[in-house]
Amino acid sequence: MIAKLTGKIDTLGSDYLIIDVNGVGYMVHASAKTLSVIGDIGSNVSLLIDMQVREDSMTLFGFASAEEQKWFRLLTSVQGVGAKVGIAILGACPADQLVVAVMSDDKNMIRQADGVGPKLAVRIITELKDKVAKMDLSSGVTMSAAPATANAGASVNVAAGENDNQLNQDALSALVNLGYGRAEAYKAVVTARSRFENDPELGVLISAGLKELAS
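Per numbering that gives the first Met the number 0, residue 0 is the first one in the sequence shown, and the count goes up by one each step.
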């Protein structure tokens, strides 16, 4: 099984790239987000890979981060979400925004992706909410999108900052310690955090989370 590919970008398409690995070209489907940060033709690239094998074909899907790959697997665990729809969702709504969309029941954000209608958007939120609530906030998801940059000859790394993640984790722990359920506390932290352009103080974020819980 192919788990990772490292080589040079040979071709870039609207939803795929071809990676030249020692003279062998691999076609890899990727989200618009990943394609926007990996660099230009001739650049070095390293992508995590999920491989879909069927009787008559083998399809590769590439990810610039472990977080994006994790969300791809979460999305495709939902009935009705195939691999290509999962990639489309990640292109329209990257991982950090998906956390907000799922926990705040924002189906319109998910519907931005091609192939996602209102019923499927509701199903995605319903089936993933409990799973997302159990995720560790320090695992790399942030509440606001951070711009990603990529240099030619360098592997892509779009992991979030540890301080930002710790802030969210501490706020979640505080609300849980106050007696709130983890799922509702998570939703409150996600929603409250998304309203700040810059990192708030922990007490400010906890207070904002409490206001969300009371609303």
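Even for Gly, the Cβ is constructed at its ideal location relative to N, Cα and C.
Burial state of residue i, where buried means 16 or more other Cβ atoms lie within 10 Å
i, result
"G41", "exposed"
"M102", "buried"
"L74", "buried"
"T10", "exposed"
"A207", "buried"
Residue(s) in a DSSP beta bridge with residue i
i, result
"Q51", "T58"
Where residue i falls: helix, strand or coil (DSSP)
i, result
"D9", "strand"
"L127", "helix"
"K3", "strand"
"P117", "helix"
"K186", "helix"
"K106", "helix"
"L177", "coil"
"Q168", "helix"
"A213", "helix"
"R122", "helix"
"R194", "coil"
"I205", "helix"
"A112", "coil"
Within 9 Å, strictly: CB atoms of residue i and residue j
i, j, result
"N167", "R192", "yes"
"A173", "L212", "no"
"I123", "V80", "yes"
"V189", "V77", "no"
"P93", "E126", "no"
"L46", "G61", "yes"
"A82", "H28", "yes"
"V115", "I86", "no"
"A182", "K128", "yes"
"I109", "A132", "no"
In chain order, which alpha helix (DSSP H) runs of at least 4 residues are fully inside the region 15-103? 31-36, 65-75, 82-91 and 94-102
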